[in-house]
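What follows is one structure encoded as C-alpha cells, with my remarks underneath.
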Amino acid sequence: MTESERDPNVEWIAREARRPVESSAGVRARVMDAVRSTPLPVRPRRGMGWLTAPRPLALSPLGSTLLAAGLVGIGLLLGLAVTNRDGRLPTEQPTAVAATAQLPVHDTLQVHRFELEAPHASRVALVGDFNNWSLAATPMTRSADGTAWTVTVKLPAGRHVYAFVVDGAKGSKWVPDPAALRAPDDGFGTANSVVLIGQGSAT
Amino acid sequence: MTDDAADVRRVLSGDVEAYAALVDRYYDQCARYAVRMLGNRDDAEDALQATFLRAYRALGRYQERDKFSAWLYRILVNQCRSLAARRSQHERVFVREEAALLNAADEREAGWTGEDEEFVQRVLSELDPLLREAFLLKYIEELSYEEMAALTGVGVSALKMRVKRACDRLRERWELIKHD
Chain A
0 MTESERDPNV EWIAREARRP VESSAGVRAR VMDAVRSTPL PVRPRRGMGW LTAPRPLALS
60 PLGSTLLAAG LVGIGLLLGL AVTNRDGRLP TEQPTAVAAT AQLPVHDTLQ VHRFELEAPH
120 ASRVALVGDF NNWSLAATPM TRSADGTAWT VTVKLPAGRH VYAFVVDGAK GSKWVPDPAA
180 LRAPDDGFGT ANSVVLIGQG SAT
Chain B
0 MTDDAADVRR VLSGDVEAYA ALVDRYYDQC ARYAVRMLGN RDDAEDALQA TFLRAYRALG
60 RYQERDKFSA WLYRILVNQC RSLAARRSQH ERVFVREEAA LLNAADEREA GWTGEDEEFV
120 QRVLSELDPL LREAFLLKYI EELSYEEMAA LTGVGVSALK MRVKRACDRL RERWELIKHD
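Sequences listed follow chains A and B, in order. So the first sequence is numbered by numbering that gives the first Met the number 0: it starts at 0 and just counts up by one. So the second sequence is numbered by numbering that gives the first Met the number 0: it starts at 0 and just counts up by one.
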C-alpha cells in the first residue's frame with residue numbers, strides 16, 4: 000500500500016497512536032534497580048567462547064562415523080596402554096569412552112543436532128531462545144544430497160523453544176520442526192517447536 | 000562506532016550505569032508499542048521491565064552486526080506476545096470483533112464522548128492481536144515489510160494482508176462511530 004492510498008481516517012488513528020504515551024517515572028527506575036541486582040553480562044571470551052557458544056558443527060554422516068570410530072580407537076588405545084602398564088585389565092572398561100561419545104563434551108552443555116528437510120530452500124537458520132532468536136547466529140548447512148539442512152549446537156540442559164527460518168523463492172518463512180514437539184500456540188500464528196535437553200538428551 | 004555499540008561495550012566492560020543510557024534512548028518508543036499492543040499500562044510496564052532485563056542478561060550474546068534497536072525490538076515483540084498469550088481468554092483486554100459489534104450498539108445509543116487517546120486505544124484493542132501487531136509495526140513504528148518479517152518471523156505477503164485487514168477494520172469502525 001502506498002502512502003497515497005492510505006485512508007485519511009486510518010492515518011488519523013495512526014497519527015494519534017504515534018503520540019508518546021505517558022510513562023511513570025518509577026518504571027525506568029525499577030528497570031535499573033533490577034539491572035543493578037543482576038550479575039553483569041559477559042561476552043564469551045575468545046578461546047573459551049567457542050566451548051560454550053551455540054555454533055554450527057557441520058558433520059556429514061561419514062564425518063560422524065569417522066569421529067565415532069576415532070573415539071572408539073582412542074578408547075581402545077587408552078585401554079591397551081593402561082593394560083600394558085599395569086599388566087592387568089583396568090576396572091573400568093575404556094570402551095565406555097565410545098559409549099558416551101555422543102553425549103556431553105562439557106559438564107553443562109549437550110550436543111544436539113537439528114535437521115530439516117527443505118530441498119528448495121536457499122538458506123536455513125536455526126532460531127530459538129538459546130540464540131535470542133537471532134537470524135544470523137546459527138545458520139544451517141545443506142546436506143551433501145541437497146535435501147536436508149543440519150546444524151549441531153551445544154545447549155544447556157532444560158527446555159528450549161525454537162524454529163527454522165527458511166529462505167525460499169517466496170521469501171523468508173518460519174517453520175516448526177516437523178520431527179519435534181510443538182510449543183503451545185502463542186496465538187500469533189508462528190508455530191515453534193520444543194527440544195528438551197537433559198540427562199541423556201531427548202527431543 | 001554508534002552510541003548503542005559504545006554503550007553496549009561500556010556495560011560489558013563493567014559499567015552498569017551505561018545501560019541506563021540505552022534504557023533512556025529506547026524506553027519511550029518501547030513503551031508506546033507495549034501500551035498500544037497490550038492495551039493497558041500495567042501489562043505494558045511488565046513487558047517493558049521483562050524486555051530490558053532480558054536484553055541486559057543477554058547483552059553478552061548481542062552481536063554488533065545486528066542493529067541494537069532491532070534486536071531489542073525483537074525481544075519486546077516476543078515479550079508482548081508471551082504476556083498476551085499467558086492471559087486467559089476472559090482476562091484479555093482485547094475485545095473480539097463480535098463483541099466489538101455488540102459494544103458498538105451501546106455506543107450508538109450513548110454517543111461517543113471519549114477523548115481521542117481513549118478512542119484510539121479502544122479501536123486498536125478491538126483488533127485481533129495478529130492484525131494489531133502488524134498495524135502497529137507498519138503504521139506506528141513505520142518499519143518496512145522486510146524489517147517486520149525479520150522481527151516477527153511472518154512472511155511479507157502475510158504481513159501485507161494483515162495490515163490491509165487491520166486498516167479495513169479500523170475504517171469500518173470509524174464509519175460506524177462517525178455515522179452515529
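Quick reminder that beta carbons are idealized off the backbone N, C-alpha and C, glycines included. As the structure is a computational prediction, the values presented were derived from the model and not from experiment.
Problem set entry | A:E116, DSSP secondary structure in three states | Locating residue 116 of chain A in the first sequence gives position 117, where the first residue counts as 1. Looking at A:E116 - three-state DSSP - the assignment turns out to be strand.
Exercise. Can we say the stretch 127-137 of chain B touches the stretch 13-26 of chain B, given the rule of at least three CB pairs closer than 8 Å?
Worked result: No, the stretch 127-137 of chain B does not touch the stretch 13-26 of chain B.
Exercise. Does the beta carbon of B:Y32 sit closer than 7 Å to a beta carbon anywhere in chain A?
Worked result: For this step, residue 32 of chain B is matched to residue 33 along the second sequence. So no, B:Y32 is outside the interface.
Problem set entry | Any alpha helix (DSSP H) of 4 or more consecutive residues that is wholly inside the stretch 15-94 of chain B | As for any alpha helix (DSSP H) of minimum length 4 sitting wholly inside the stretch 15-94 of chain B, the runs are 17-37, 40-56, 67-85, ordered along the chain.
Problem set entry | Per DSSP, cross-strand counterpart(s) of A:L125 | Within the first sequence, residue 125 of chain A is the residue found at index 126, counting from 1. Beta-bridge pairing links A:L125 to A:F163.
Exercise. What separation, rounded to the nearest whole angstrom, lies between the Cα atoms of B:M147 and B:A133?
Worked result: Here the question's residue 147 of chain B lines up with position 148 in the second sequence. Here the question's residue 133 of chain B lines up with position 134 in the second sequence. Cα-Cα distance, rounded: 8 Å.
Exercise. With a Cβ-Cβ cutoff of 7 Å, do A:V193 and A:L180 count as a contact?
Worked result: For the purposes of this step, residue 193 of chain A is taken as the residue at position 194 of the first sequence. For the purposes of this step, residue 180 of chain A is taken as the residue at position 181 of the first sequence. Pairing A:V193 with A:L180 gives a Cβ-Cβ distance under 7 Å.
For this session: Return no unless some Cβ of chain B is closer than 7 Å to the Cβ of A:D6.
Result: As a position in the first sequence, residue 6 of chain A is number 7, starting the count at 1. Yes - at least one Cβ of chain B is within 7 Å of the one on A:D6.
Exercise. For B:F67 and chain A, any beta-carbon pair shorter than 7 Å?
Worked result: Position 68 of the second sequence, counted from the start, is the residue given in the question as residue 67 of chain B. No, B:F67 does not count as interfacial toward chain A.
Problem set entry | Simplified DSSP assignment, three categories, for A:T64 | Walking along the first sequence from the start, residue 64 of chain A turns up at place 65. Here A:T64 carries a helix assignment [DSSP, helix/strand/coil].
Exercise. Mapping DSSP to helix, strand and coil, what is A:N8?
Worked result: Counting from 1 along the first sequence, the entry for residue 8 of chain A is found at position 9. Here A:N8 carries a helix assignment [DSSP, helix/strand/coil].
Exercise. Rounded to the nearest angstrom, how far is the Cβ of B:R35 from that of B:L123, given a contact under 8 Å?
Worked result: Along the second sequence, read from residue 1 onward, the residue named residue 35 of chain B stands at position 36. Along the second sequence, read from residue 1 onward, the residue named residue 123 of chain B stands at position 124. So it is a contact: roughly 6 Å between Cβ atoms.
For this session: Compile a chain-ordered list of the residues in the stretch 163-174 of chain B whose CB is closer than 7 Å to at least one CB of chain A.
Result: For the stretch 163-174 of chain B, the set of residues with a beta-carbon nearer than 7 Å to any beta-carbon of chain A comprises K163, C166, L169, R170, W173, in chain order.
For this session: Taking only the alpha-carbon atoms, compute the straight-line gap between A:V26 and B:R40 and give it to the nearest angstrom.
Result: Residue mapping note: residue 26 of chain A aligns to position 27 of the first sequence, counting from 1. Residue mapping note: residue 40 of chain B aligns to position 41 of the second sequence, counting from 1. In this structure, the straight-line span from the alpha carbon of A:V26 to that of B:R40 is close to 11 Å.
For this session: Specify, as a first and last residue, the run of the alpha helix (DSSP H) that B:T151 falls within.
Result: Reading the second sequence from its first residue, position 152 is the one you call residue 151 of chain B. The continuous alpha helix (DSSP H) containing B:T151 extends over residues 144-151.
Exercise. Using DSSP with H/G/I as helix, E/B as strand and the rest coil, what is B:W173?
Worked result: Walking along the second sequence from the start, residue 173 of chain B turns up at place 174. DSSP places B:W173 in helix when its eight states are reduced to three.
Exercise. With which residues is A:W148 paired in a DSSP beta bridge?
Worked result: By one-based count along the first sequence, residue 148 of chain A stands at place 149. DSSP, once it has assigned bridges, lists A:L115, A:R141 as partnering A:W148.
For this session: Give me the Cα-Cα distance between B:C166 and A:R17, rounded to the nearest whole angstrom.
Result: Locating residue 166 of chain B in the second sequence gives position 167, where the first residue counts as 1. Locating residue 17 of chain A in the first sequence gives position 18, where the first residue counts as 1. B:C166 and A:R17: Cα-Cα distance of roughly 16 Å.
Exercise. Measuring CB to CB, does A:L154 end up less than 7 Å from A:T137?
Worked result: As a working note, residue 154 of chain A is residue 155 in the first sequence. As a working note, residue 137 of chain A is residue 138 in the first sequence. The Cβ-Cβ distance between A:L154 and A:T137 does not fall below 7 Å.
For this session: Could you please give the first and the last residue of the uninterrupted beta strand (DSSP E) stretch that includes A:G170?
Result: Locating residue 170 of chain A in the first sequence gives position 171, counting from the first residue. Looking at the DSSP string, the run of the beta strand (DSSP E) that includes A:G170 is 170-174.
For this session: Take the Cβ of B:R168 as the centre, count every other Cβ of all protein chains shown within 10 Å, and call the residue buried at 16 or more, exposed below.
Result: Here residue 168 of chain B refers to the residue found at position 169 of the second sequence. Note on B:R168: 16 or more other CB atoms within 10 angstroms of its CB, so buried under the neighbour-count rule.
Exercise. Between B:A4 and chain A, is there a C-beta pair that is closer than 7 Å?
Worked result: Residue 4 of chain B sits at position 5 when you count from the first residue of the second sequence. For B:A4, the answer is no, since every Cβ of chain A falls outside 7 Å of its Cβ.
Problem set entry | Extent of the continuous alpha helix (DSSP H) run through B:S12 | Within the second sequence, the letter at position 13 stands for residue 12 of chain B. That residue, B:S12, is in no alpha helix (DSSP H); it is neither H nor E in DSSP.
Exercise. Taking DSSP as the reference, what is the three-state secondary structure of B:P128?
Worked result: In the second sequence, counting from the first residue as 1, residue 128 of chain B sits at position 129. B:P128: helix per DSSP, three-state reduction.
For this session: Please confirm if A:K153 has its CB atom under 7 Å from at least one CB of chain B.
Result: The residue given as residue 153 of chain A occupies position 154 in the first sequence. No, no contact with chain B.
For this session: May I ask you to report which of helix, strand or coil DSSP gives A:S192?
Result: Residue 192 of chain A sits at position 193 when you count from the first residue of the first sequence. In the structure shown, A:S192 adopts extended strand secondary structure according to DSSP, grouped into three states.
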